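Here the structure is laid out as structure tokens; the discussion comes afterwards.
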Amino acid sequence: TSPKVAKKVIDSGADKVTANTHVLKSPELISDIAYSLGSQAIVVSIDAKKIKNNQYEVFSFSKVKPIYKDVILWSKKCEELGAGEIFLNSVDNDGMRIGYDNELLLNVSSNLSIPLIACGGVGSFSDFSEGTILGGASAVSASNIFHHIEHSSIIAKANLMQKHQNIRMEINPSYNEFWFDESGRPINKNYL
């Protein structure tokens with residue numbers, strides 16, 4: 004990644020670029036991209052792993068040793084260098100379907116003034132609102148859950164709406180006649 008590559012991506016229609024390993028090796032790339040394209044264009048992706056009680060370290064792709072010793076310090080440094088957002092993935096929870104690591108999210112989000120996007124661990128649709136409410140994330144992301152349940156993006160948004168979270172809706176579905184089972188699937192009350 005370089006400002007030149009980032010500009011090509013933006014010129015091709017993307018709103019933002021995300022960087023992880025390259026900025027760990029060369030943190031000045033964050034400032035270079037922010038300077039040339041604006042802070043809103045650079046999202047720094049961080050893979051964090053819990054080491055002990057309340058301590059998390061930053062790992063890079065396929066590395067077994069931490070690259071940066073403290074996830075809070077690295078996040079703050081990224082913000083200072085001009086990152087517009089942090090995309091934070093829990094290595095421990097990723098793919099486990101046990102929910103976000105809300106402790107990690109809260110530790111990082113409470114130390115930043117830029118938006119934090121939660122990633123890693125969604126197993127039910129209620130995990131989305133927990134990531135914003137308990138973890139303090141500005142936004143949430145997931146992958147696997149959307150591959151296994153029909154109409155899952157609408158269900159995810161409906162669950163967030165029920166928890167009074169601010170979301171963007173293309174349509175306004177009504178789920179007043181539904182309740183949600185333990186997997187977050189809507190079930191019509193009239194058919195029980």
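Heads up, our numbering is the position in the sequence shown plus 3, with the first residue counted as 1.
Every residue gets a Cβ at the ideal spot worked out from N, C-alpha and C, and that includes glycine.
Just so you know, these numbers come straight off a predicted model, no measurement behind them.
- Spanning the alpha carbons of G102 and G124 requires a straight line of approximately 5 Å.
- In the three-state reduction of the DSSP assignment, N162 falls in the helix class.
- A distance below 6 Å between beta-carbons, with the five flanking residues on each side excluded, links A145 to the following residues of its chain, in chain order: V125.
- Annotation: L32 to F183 spans about 45 Å, alpha carbon to alpha carbon.
- The alpha carbon of G98 has as its nearest neighbour, out of C122, Y71, R171, L27, the alpha carbon of C122.
- Taking every protein chain shown into account, the CB of D14 has fewer than 16 other CB atoms within 10 angstroms, so this residue is exposed.
- For N92, the uninterrupted beta strand (DSSP E) run begins and ends at 88-93, by DSSP.
- Per DSSP, reduced to three states, the secondary structure at I148 is helical.
- Contact annotation: G87 and I117 have beta-carbon atoms nearer than 8 Å.
- Contact check for N56 and S78: beta-carbon distance about 19 Å, past the 8 Å limit, so the pair fails to qualify.
- Here the alpha carbon of T24 sits roughly 9 Å from the alpha carbon of I70.
- Burial check for G85: the Cβ neighbour count within 10 Å reaches 16 or more, so the residue is buried.
- A residue is called buried once 16 or more other Cβ atoms fall within 10 Å of its Cβ, and D35 is buried on that count.
- In the three-state DSSP reduction, D50 falls in the strand class (E or B).
- DSSP places Q168 outside both helix and strand once states are collapsed to three, so it counts as coil.
- With at least 16 other beta carbons inside 10 angstroms of its own, N92 counts as buried.
- By DSSP's assignment, Q43 forms no beta bridge with any residue.
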